[in-house]
Amino acid sequence: MNSQQQEWLALAVVFLVAGIAIFRWLKKRRQGGSGCGSCEQSSCTSGDKTRP
Amino acid sequence: MTSTDPSNLIASDKDQNQQAVIAVIGNPNTGKSTLFNLLTGMRQKVANYPGVTVEKHIGELNIGERSFQLIDLPGTYSLAAHSPDERAAIDVLLGRIADMPPPDAVLVVIDATNIKRNLFVVTEVLELGIPVVIALNMVDIAESQDISIDIDALAARLNTPVIPTIAAATRHESLEPLKMALAKAVDTSISEPWALLKDVKKAAAELTTDLKAETAQTSSSAEPIAAYEVQRALIDKGGEAEKRLVEVFGSDSSQRLQAQRDLLTVGQTLAERDANERYAYIAKTLDGIVRAPADNQRRSLSERIDQIVSHPIIGSLLFVLVMGTVFQAVFSWATPLMDLIDGAASWATEQVYATLPEGAIASLLADGVVAGVGSVIIFLPQILILFAFIIVLEDSGYMARAAFLMDRLMRWCGLSGHSFVPMLSSFACAVPAIMGTRVIPDTRDRIATIMAAPFMTCSARLPVYALLIAAFIPQQHYFYGLINLQGLVLLGLYLLGIVGGVLTAFLLKRTILRGSAPTFLMELPPYRTPNIKSVLVRLVERAKAFLVRAGTVIFFVSVVVWSLAYFPRSEILAADFERQKLAVESRVQVEAERELAIQTLENELSAAQMEQSLLGRMGKTVAPIFKPLGWDWKLSAAVIASFPAREVVIAVLGTTYAVGADVDEEDEGLRDRVRNAAWPDGRKVFTPGIALGLMVFYALCLQCAATVVVIHRETNSWRWPAFAWVYMTSLGYLGALACAQLG
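Going down the list, the sequences are from chains A and B. Going by the working numbering, the first sequence opens with residue 1, and the numbers climb by one from there. Going by the working numbering, the second sequence opens with residue 1001, and the numbers climb by one from there.
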């Protein structure tokens, strides 16, 4: 694969990733997600996710 | 439901097509949600109550062939609503939530070890006229504390089924009696609801009729108000129920309420009379039914510990010591694990370059994915250590004492102890901290806390500080090596965040959020040994959620930032590089020197490519804004790219300063490059003042899209997130400007 082809492939991957991310975000918005599903749970210590 | 009441007959007809609804209510920490999870299993959905950010947990409960809708309400000590959580609970019970019928039965979960206080809300729910089932939870713990309860006698006195349950019940069979009682309760009707203060109930009913009749004459669109709400409005002076009444019937209703209150009580407020009579009724109900060791024996250990821990001076010193240990542990214990992850990321980068031919794909994988995601995953050990401490401190009961101690400090800036736990949580991440502010009853306090929380040094600020401190602060030790200058600067940056947050809350509470000093009432639970399994389960949950985020959001950001920094590629620059490379290869004979020269050329090429990439052009466009701060276009581009997530700056700086792959804050190359970065005329970019300014900028600026979104969600407006962003960014800019000008 020459460098030109590689660049096209990389761009395709970028657009694919961006597309998936936007799709997931829109899906979450449609579901009206809140709390556990859509929050940044990484640092949440709560069992019921409504308490700190 | 079968009833002679016409309104109930309508409900009964509806029930044939619709699932019966059972609401689950109880004090906080009674195991209510655990019981809800056990009853519904995975058949749950979570949404928000309309207009507020209180989560609505709805599950499906199957009993035999019948299916019921179970609603887990937020924990509450009483039906007198003060916080959004409590308001939502009462709205459900009164059938005020759109698309949700009023419950056909209520399951009240009470803690067998604290039965007296838990029965308070039971007596209030009994007055609603909805069939009630009481789950007497944690009977096993009560037994271990030598508390014996005559359950049948309690049920008889309350005229309500009481079903004993076990805190950590794992077998569904143990819940069969509870399910049977619930199924039976749904089919029960209550013709005459029980009432404690009969005169208040009668007065409320009369006032309701009067108000409704008067409103009907003047307006045809009066909102229906239940007599129970008028009763609550009478008891809770100035509370939510009164506010609602004023909204519906006008300010005149407030005076009418007060006139009724004056008639109903002498020498004490109606709220005091209500509480006194309710507790007297509870004491009478429990007389001879509950046998427990004297309080002074049972709680002696907790009380003895509290004498030290809650002491104004000793307790405060202990608190500083505990927090000091936590932060020390976060930094020192995590290092070996972080080095391991760092090593793994470097190895992955090497493997990518060794396996794939040089070009866009290898760069995307190594510089984009591995460098980007790796630079975030590296914080996993720190986050887990911090949360292990927080969970253990919470479960042991210490956190409640810490909040109590901090109440004094919080009061100074116009907040209360309620704000302490959210503030503490924001040292890890502002997002859950802002969500945690839901426990703060007063809206003004809650918004002041939300505005202050993003100032605390979150885990994403750490790598930025680590890189800049290592690059610009000399490694000097004082007091026989006990105090390290770099550590001192880090502590200073932490303090700067705290001061920023506290001053923000102070100013807001004295200007636009002015209000009376909040009251802070909080239950001090007895000290308990944390359950290792429970701690581990929650930690694993945290780790999983963090890794999922790194694999989704951070992955996406990394790939996009990489593409902006990589494209478009200049063919002319690449061809020029090839020519120079050939020249070096033919000119330099010594292999080591040749490799070094080629490496230098490669770095120069990537820097030049970067300069004309989209990110480079963006950096050059915004550079004039940051010129007064002494930043060059590379730094401006990195800062702009890090507005969605501040930790991205490391990866972007790595690329802009042309080090290439696997860059993180431990990278000697990046550190040296940043230190030696120069303007075209040879002047150093980073003077001490500018470096300090950059750190101050990161300490004060709101560079986190997730925080902005969560502020919007929690305040239900774009005004507050916009204010927070503009305010914090301006503060960061001014701080950096001051440092650059003074340095």
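The beta carbon of each residue, even a glycine, is placed where N, CA and C say it ideally should be.
Anticipated Cβ contact below 8 Å, residue i with residue j, distance rounded
i	j	result
Val1162 of chain B	Leu1154 of chain B	5 Å
Asp1140 of chain B	Ile1166 of chain B	5 Å
Val1489 of chain B	Ile1469 of chain B	5 Å
Gly1515 of chain B	Asp1442 of chain B	7 Å
Gly1497 of chain B	Phe1455 of chain B	5 Å
Thr1707 of chain B	Ala1430 of chain B	5 Å
Ala1105 of chain B	Ile1130 of chain B	6 Å
Ile1147 of chain B	Ala1292 of chain B	4 Å
Ile1110 of chain B	Thr1030 of chain B	6 Å
Arg1244 of chain B	Phe1472 of chain B	So it is not a contact: roughly 58 Å between Cβ atoms.
Ala1736 of chain B	Val1696 of chain B	6 Å
Leu1182 of chain B	Leu1093 of chain B	About 16 Å; that fails the 8 Å criterion.
Leu1614 of chain B	Ala1638 of chain B	About 14 Å; that fails the 8 Å criterion.
DSSP three-state assignment for residue i, whether helix, strand or coil
i	result
Cys1704 of chain B	strand
His1712 of chain B	helix
Tyr1077 of chain B	coil
Ala1658 of chain B	Note that Ala1658 of chain B has pLDDT 47, beneath the 50 cutoff, so the model's placement of it is unreliable and the number below is only indicative. Here Ala1658 of chain B sits in coil by DSSP.
Leu1107 of chain B	strand
Gln1599 of chain B	helix
Tyr1279 of chain B	helix
Ala1645 of chain B	strand
Arg1291 of chain B	strand
His1477 of chain B	strand
Ser1148 of chain B	strand
Gly1492 of chain B	helix
Asp1632 of chain B	coil
Glu1358 of chain B	coil
Ser1191 of chain B	coil
Trp8 of chain A	helix
Asn2 of chain A	coil
Ala1329 of chain B	helix
Glu1665 of chain B	Reliability fails at Glu1665 of chain B, whose pLDDT of 49 lies under 50, so the model's placement of it is uncertain and the value that follows must be treated cautiously. The answer is coil: DSSP assigns Glu1665 of chain B none of H, G, I, E or B.
Trp1725 of chain B	helix
Residues bridged to residue i (per DSSP)
i	result
Pro1164 of chain B	B:Leu1136
Gln1069 of chain B	B:Val1021, B:Glu1060
His1082 of chain B	DSSP, once it has assigned bridges, lists no residue as partnering His1082 of chain B.
Lys1684 of chain B	B:Ala1678
Gly1026 of chain B	B:Val1109
Val1484 of chain B	In the sequence on display, residue 1484 of chain B carries Asn and not Val. DSSP lists B:His1477 as partners of Asn1484 of chain B.
Spatial neighbours of residue i in its chain, beta-carbon cut-off 8 Å, leaving aside the 5 residues before and after
i	result
Val1200 of chain B	Gln1231, Leu1234, Ile1235, Leu1264, Leu1270, Asp1274
Glu1585 of chain B	Arg1594, Ile1598
Met1 of chain A	Leu9
Sub-8 Å separation of residue i and residue j beta-carbons
i	j	result
Met1451 of chain B	Leu1393 of chain B	no
Leu1317 of chain B	Ser1253 of chain B	no
Ile1650 of chain B	Met1618 of chain B	no
Gln1609 of chain B	Arg1673 of chain B	no
Pro1422 of chain B	Ala1453 of chain B	yes
Ala1388 of chain B	Leu1539 of chain B	yes
Cys983 of chain B	Gly1732 of chain B	Absent from the structure is residue 983 of chain B, since the part of chain B shown begins at 1001 and ends at 1743.
Thr1437 of chain B	Thr1449 of chain B	yes
Leu1356 of chain B	Ala1362 of chain B	yes
Ala1023 of chain B	Pro1103 of chain B	yes
Val1320 of chain B	Cys1413 of chain B	no
Asp1395 of chain B	Val1535 of chain B	yes
Leu1467 of chain B	Gln1476 of chain B	no
Ile1308 of chain B	Ile1314 of chain B	yes
Phe1036 of chain B	Gly1064 of chain B	no
Leu1196 of chain B	Arg1278 of chain B	yes
Gln1258 of chain B	Ala1203 of chain B	no
Contacts around residue i, its chain only, beta-carbon distance under 7 Å, and the 5 residues preceding and following it disregarded
i	result
Ala1089 of chain B	Ile1025, Leu1073, Pro1074, Thr1076
Met1435 of chain B	Val1710, Glu1714
Leu1493 of chain B	Thr1457, Tyr1465, Met1695, Ala1699
Ala1678 of chain B	Lys1684, Val1685
6 Å CB neighbourhood of residue i in its chain, flanking five on each side removed
i	result
Ile1289 of chain B	Asp1150, Ala1153, Leu1154
Thr1188 of chain B	Pro1131
Arg1594 of chain B	Val1588
Tyr1478 of chain B	none
Arg1542 of chain B	Phe1387
Arg1446 of chain B	Thr1437, Ile1440
Glu1242 of chain B	Ala1233
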